[in-house]
Amino acid sequence: MNIEKVLTGEKDEKLFLLGNEATVRGALESGVQVAATYPGTPSSEIGDVFSKIAKQAGVYFEFSINEKVAMEVAAAASASGLRSFTFMKHVGLNVASDSFMSLVYTGVNGGMVVLSADDPSMFSSQNEQDNRNYARLANLPMLEPSNPQEIKDLMKYGFELSEKFKLPVMIRTTTRVSHMRGMVKFDTVNRKKEKGFFHRDPERFVPVPETARIMHKELVEKMEKIKDKSENSVYNKIYNNDADIGIITSGSAFNYVMDILDQHKIKANVLKVTFSYPFPEKLVLKFLKSVKDIVVVEEVDPVMEKEVLTILGKYGIKRNVHGKLDGTLPMIYEYSPDIIVNSFNKIYEPKIPRNKVFKSKVRVPKRPPTLCPGCPHRAVYYNIKTVLDDLNIKDPIYPTDIGCYTLGIEAPYESADYLLSMGSSIGTSCGFSKATNQVVISFIGDSTFFHAGIPPLINAVHNKNNFLLVILDNRTTAMTGGQPHPGLPVDGMGDAAPEISIEKIVKATGVQNIKTINPLNIRTSREIFKEALEYQGVSVVISKYPCMLIKNQFKKKQIKLEVKENKCRECLYCLENLACPAIFLSDNGSVKIDGLQCKGCTVCKQICPEQVIKVRK
Amino acid sequence: MEPYNIYISGVGGQGIIKTSIIIGEAAINTGFDVVMSEIHGMAQRGGGVSTELKIGHAKSPIIQDGGADLLIAFEPLEALRALSKLSSSTYMVVNNSTIMPFNILKSNIPYPDVKTIFDQLKSVSSNLMVLNADEIAKSVGNILSLNMVMLGGALAVPDFPVDKNSIIEAMKDNLPEKTLEINIEALNQGFKLFSI
Ligand code: SF4
Ligand code: SF4
Numbered sequence: 001m002n003i004e005k006v007l008t009g010e011k012d013e014k015l016f017l018l019g020n021e022a023t024v025r026g027a028l029e030s031g032v033q034v035a036a037t038y039p040g041t042p043s044s045e046i047g048d049v050f051s052k053i054a055k056q057a058g059v060y061f062e063f064s065i066n067e068k069v070a071m072e073v074a075a076a077a078s079a080s081g082l083r084s085f086t087f088m089k090h091v092g093l094n095v096a097s098d099s100f101m102s103l104v105y106t107g108v109n110g111g112m113v114v115l116s117a118d119d120p121s122m123f124s125s126q127n128e129q130d131n132r133n134y135a136r137l138a139n140l141p142m143l144e145p146s147n148p149q150e151i152k153d154l155m156k157y158g159f160e161l162s163e164k165f166k167l168p169v170m171i172r173t174t175t176r177v178s179h180m181r182g183m184v185k186f187d188t189v190n191r192k193k194e195k196g197f198f199h200r201d202p203e204r205f206v207p208v209p210e211t212a213r214i215m216h217k218e219l220v221e222k223m224e225k226i227k228d229k230s231e232n233s234v235y236n237k238i239y240n241n242d243a244d245i246g247i248i249t250s251g252s253a254f255n256y257v258m259d260i261l262d263q264h265k266i267k268a269n270v271l272k273v274t275f276s277y278p279f280p281e282k283l284v285l286k287f288l289k290s291v292k293d294i295v296v297v298e299e300v301d302p303v304m305e306k307e308v309l310t311i312l313g314k315y316g317i318k319r320n321v322h323g324k325l326d327g328t329l330p331m332i333y334e335y336s337p338d339i340i341v342n343s344f345n346k347i348y349e350p351k352i353p354r355n356k357v358f359k360s361k362v363r364v365p366k367r368p369p370t371l372c373p374g375c376p377h378r379a380v381y382y383n384i385k386t387v388l389d390d391l392n393i394k395d396p397i398y399p400t401d402i403g404c405y406t407l408g409i410e411a412p413y414e415s416a417d418y419l420l421s422m423g424s425s426i427g428t429s430c431g432f433s434k435a436t437n438q439v440v441i442s443f444i445g446d447s448t449f450f451h452a453g454i455p456p457l458i459n460a461v462h463n464k465n466n467f468l469l470v471i472l473d474n475r476t477t478a479m480t481g482g483q484p485h486p487g488l489p490v491d492g493m494g495d496a497a498p499e500i501s502i503e504k505i506v507k508a509t510g511v512q513n514i515k516t517i518n519p520l521n522i523r524t525s526r527e528i529f530k531e532a533l534e535y536q537g538v539s540v541v542i543s544k545y546p547c548m549l550i551k552n553q554f555k556k557k558q559i560k561l562e563v564k565e566n567k568c569r570e571c572l573y574c575l576e577n578l579a580c581p582a583i584f585l586s587d588n589g590s591v592k593i594d595g596l597q598c599k600g601c602t603v604c605k606q607i608c609p610e611q612v613i614k615v616r617k
Numbered sequence: 618m619e620p621y622n623i624y625i626s627g628v629g630g631q632g633i634i635k636t637s638i639i640i641g642e643a644a645i646n647t648g649f650d651v652v653m654s655e656i657h658g659m660a661q662r663g664g665g666v667s668t669e670l671k672i673g674h675a676k677s678p679i680i681q682d683g684g685a686d687l688l689i690a691f692e693p694l695e696a697l698r699a700l701s702k703l704s705s706s707t708y709m710v711v712n713n714s715t716i717m718p719f720n721i722l723k724s725n726i727p728y729p730d731v732k733t734i735f736d737q738l739k740s741v742s743s744n745l746m747v748l749n750a751d752e753i754a755k756s757v758g759n760i761l762s763l764n765m766v767m768l769g770g771a772l773a774v775p776d777f778p779v780d781k782n783s784i785i786e787a788m789k790d791n792l793p794e795k796t797l798e799i800n801i802e803a804l805n806q807g808f809k810l811f812s813i
């Protein structure tokens with residue numbers, strides 16, 4: 001399918017869409033006018049699709065510098081009367097939360113939807129926080145889809161609800177919903193006016209203590225009214241089978257539950273909670289009364305389970321409640337059909353039969369992801385490691401950051417020692433350089449530097465820290481699929497844009513020792529790293545070379561390397577210290593280069609102690 | 618219809634997601650319901666990748682242990698990793714070209730002998746179809762068409778719910794026009810190997 005179909009597909013057309021693609025269609029059918037994000041898996045493809053079609057759709061779309069700014073861009077658009085949309089991965093909402101928490105106070109004018117894509121089991125994240133808690137913390141309505149069609153439907157409903165109550169609406173997906181593909185039936189795309197108008201109203205939009213107190217009261221009143229909506233929502237659905245067992249579930253877990261019940265002809269009543277906050281108390285109460293036993297099946301935190309226990313307590317009703325809190329279901333990670341079966345089998349007879357599970361009799365080595373062949377980060381890690389050896393520096397500390405370069409955690413690089421969040425490499429370097437006498441070498445990517453690296457760098461200079469910061473500028477946001485950022489001459493709509501110079505920013509923060517290197521030039525890079533490590537104070541090396549996945553980065557004909565026939569002494573130095581995936585050990589013990597994988601970065605050629613790697617003719 | 622469950626595994630960069638989408642779209646155009654699960658992001662950089670498809674009546678694409686009707690494995694080790702999804706009636710279409718995990722030299726578990734891998738697979742189900750998709754892809758003119766060679770092999774599996782024409786139609790919608798001819802040839806070569 002051509003991705004433009006997300007825009008051009010006609011009413012009643014049915015397409016096989018990724019949840020994230022369906023999200024965009026839902027926004028377009030709702031007449032969204034402004035959309036902003038910072039890329040993050042599992043929400044990244046939403047931005048990728050917007051980026052491709054926004055212009056044609058007459059929508060303003062941007063990759064903002066970080067999630068907080070994205071939230072603010074969307075908030076202001078909505079205050080000006082436009083429908084706006086911001087979306088991010090779960091931890092992105094932490095970054096945006098400062099503004100988000102006030103936004104529910106001020107409320108919105110045009111409909112505004114905030115989508116958080118959670119990542120249970122952490123396929124691509126540093127934690128698996130459950131952002132259903134944000135609906136409670138901020139106090140705003142939450143919708144939880146289970147499949148692509150539902151995402152699209154709930155986007156539309158979310159915008160309507162938001163506009164009606166002048167409150168942002170939050171949609172929570174998970175990896176398995178955002179990255180699920182299924183059939184989606186289209187409605188018509190709705191185009192709205194292009195420019196809004198902001199009517200000043202400081203009592204509504206400026207939360208100083210005096211106004212904020214009133215705003216909070218109004219928020220609580222709005223949410224009271226919205227509770228009626230969730231109580232009666234068509235999206236909160238009871239599947240009544242006159243059973244004694246009642247299952248309360250949501251999101252992806254709902255899919256597993258329904259498939260298992262269906263497959264094994266198990267009789268249970270099911271309540272699918274989709275409009276999940278304000279929690280539909282009366283509806284749940286009715287459901288609880290209709291059954292004897294309750295199972296709450298939800299991913300990550302026992303959020304609904306606690307709501308259920310509260311309702312039972314409040315109305316003085318006694319029911320068995322199975323879920324996470326009694327150990328029936330696992331407390332952490334995502335669920336699967338097998339987990340549901342195992343859990344049901346702990347509490348119910350007859351047991352659901354399980355398929356025979358085969359196990360391999362030989363052990364299966366892992367296949368962790370790694371830096372691509374020719375990735376410039378690999379050269380940097382190699383250079384740093386060897387320079388430290390030369391300088392006889394022991395016990396360095398490598399604070400790292402979020403991006404492909406976090407893969408430096410693996411051997412042989414082992415250059416990732418401490419990580420908290422976007423931008424934490426620099427802030428924690430400040431701490432390490434004060435708390436220890438160890439050498440601190442910190443890594444941050446270009447996009448991450450823009451996102452959250454600048455304030456801590458100013459902090460470092462001002463507080464007279466002593467560390468080396470390596471900015472791995474590979475000219476893209478690589479990990480999430482290659483989105484642009486402010487350091488590039490192009491914006492999220494594909495238009496030309498002013499390129500913000502990292503070097504100038506670093507200079508402006510007051511760093512005295514700044515060098516820019518081509519990391520693939522091993523000898524010069526090593527010299528520069530050596531100097532930088534000997535420097536007292538904050539020094540910054542900008543390693544500038546494009547990511548290997550950027551298309552058309554090679555102007556010249558691409559070269560390939562090979563190991564000279566019968567010359568390799570099998571010392572395995574390259575394999576052990578560089579571990580480029582294009583280099584492999586052949587069956588006869590000699591080292592070979594896979595011509596298909598090799599990107600011609602020539603790093604192996606420069607480091608081979610026997611000088612037996614050469615350019616292929 | 619009871620869902621027909623397909624588990625596809627391999628290494629990032631082998632064209633697994635594309636292949637899965639082609640099967641899914643072809644199945645939808647044939648009139649089936651389809652749900653599919655894919656993994657993006659961190660997992661892709663040369664790591665193991667898998668997708669799961671259910672064709673027929675299902676809400677979740679996640680296949681239960683022992684529940685796959687068909688395994689399409691683009692790499693032997695990744696076939697072995699999928700073992701828990703297989704049953705004695707699963708069909709397995711497996712590429713026999715190996716790709717070493719990048720850190721295998723530092724790993725304390727060696728890459729198993731390919732013959733051992735196939736023995737393990739055979740001990741689960743006798744429906745094992747092995748092909749050298751890399752070689753076939755190269756011979757038709759582009760190694761990148763190896764995913765269509767694999768798909769061609771899968772097409773020859775009895776009970777595969779979609780026919781070749783529907784697959785070719787879906788390929789037209791999903792592959793660059795200039796590579797279409799090679800890709801269709803790749804599909805045909807893979808198919809020919811196992812069709813009687
Ligand atoms: S995507 Fe780019 S940055 Fe990431 S590992 Fe590959 S070459 Fe390196
Ligand atoms: S030149 Fe050497 S290090 Fe660079 S990609 Fe090719 S094999 Fe790998």
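Chains as they are written, first to last, in my numbering: chain Z, 1 to 617; chain S, 618 to 813. A virtual CB, placed ideally from N, CA and C, is assigned to each residue, including glycine.
At a C-beta separation below 7 Å, residue 255 (chain Z) has these neighbours in chain S: 676, 677.
For residue 88 (chain Z), no alpha helix (DSSP H) run applies; the uninterrupted beta strand (DSSP E) run containing it begins and ends at 84–89, by DSSP. For residue 746 (chain S), no CB of chain Z lies under 8 Å from its own CB, so it is not counted at the interface with that chain. Cβ-Cβ distances below 7 Å link residue 673 (chain S) to 618, 619, 620, 621, 649, 650 in the same chain, with the five nearest sequence neighbours on each side left out; the list follows chain order. For residue 687 (chain S), the three-state secondary structure derived from DSSP is strand. Residue contact check for residue 88 (chain Z) against chain S: no CB pair falls below 8 Å.
Exposure of residue 496 (chain Z) is indicated by the presence of fewer than 16 other C-beta atoms within 10 angstroms of its C-beta. Residue 693 (chain S) is classed as buried because its beta carbon has at least 16 other beta carbons within 10 Å across all chains shown. Looking at the DSSP output, residue 237 (chain Z) bridges to Z:272. With a cutoff of 8 Å on beta-carbon distance, residue 574 (chain Z) and residue 607 (chain Z) are scored as near each other. Inside the stretch 282–367 of chain Z, DSSP marks whole beta strand (DSSP E) runs of 3 or more residues at positions 293–297, 320–322, from first to last along the chain. Residue pairing for residue 279 (chain Z): DSSP places it in no beta bridge. Judged by DSSP in its simplified three-state form, residue 413 (chain Z) adopts coil rather than helix or strand. For residue 649 (chain S), no alpha helix (DSSP H) segment is defined, and its DSSP state is neither H nor E. Interface residue (Cβ-Cβ distance to chain Z less than 8 Å): residue 797 (chain S) is not classified as such.
Proximity to residue 534 (chain Z) across Z:364, Z:498, Z:387 peaks at Z:387, based on C-alpha coordinates. In this model, residue 545 (chain Z) and residue 375 (chain Z) are separated by some 9 Å (Cα to Cα). Following the DSSP letters along the chain, one finds residue 666 (chain S) inside the beta strand (DSSP E) bounded by residues 665–672.
The Cβ neighbour count for residue 685 (chain S), taken over all protein chains shown within 10 Å, is at least 16; the residue is labelled buried. Around the beta carbon of residue 188 (chain Z), a 10 Å sphere encloses fewer than 16 other beta carbons of the protein chains shown; the residue is thus reported as exposed.
Around the Cβ of residue 220 (chain Z), a 10 Å sphere holds fewer than 16 other Cβ atoms; the residue is exposed. Residue 459 (chain Z) carries a helical assignment under DSSP once its states are collapsed to helix, strand and coil. A distance below 8 Å between beta-carbons, with the five flanking residues on each side excluded, links residue 756 (chain S) to the following residues of its chain, in chain order: 806.
The beta carbons of residue 183 (chain Z) and residue 16 (chain Z) sit closer together than 8 Å.
Annotation: residue 216 (chain Z) has no Cβ neighbours in chain S at a cutoff of 8 Å; minimum Cβ distance is about 38 Å. Under the Cβ distance rule, residue 782 (chain S) does not count among the residues neighbouring chain Z, no pair being separated by less than 8 Å. Counting every other CB atom within 10 Å of its CB across the protein chains shown gives residue 596 (chain Z) a total below 16, marking it as exposed. Not one beta carbon of chain Z lies nearer than 8 Å to the beta carbon of residue 810 (chain S). Under the 8 Å criterion on CB atoms, residue 776 (chain S) is classed as non-interfacial with respect to chain Z. With a cut-off of 7 Å, the C-beta of residue 404 (chain Z) is classified as distant from ligand 2, since no heavy atom of the ligand falls inside that distance.
Excluding residues up to 5 positions away in sequence, 102, 105, 106, 215 lie with their Cβ nearer than 8 Å to the Cβ of residue 207 (chain Z) in the same chain. Excluding the 5 residues flanking it on each side, residue 768 (chain S) has same chain C-beta neighbours closer than 8 Å at 636, 639, 640, 689, 784, 804, 807, in chain order. The continuous alpha helix (DSSP H) containing residue 26 (chain Z) extends over residues 19–29.
In chain Z, no part has a C-beta under 9 Å from the C-beta of residue 635 (chain S); the shortest such distance is about 11 Å. Between residue 362 (chain Z) and chain S, the shortest Cβ-Cβ separation is below 8 Å. The alpha-carbon separation between residue 652 (chain S) and residue 585 (chain Z) amounts to approximately 40 Å.
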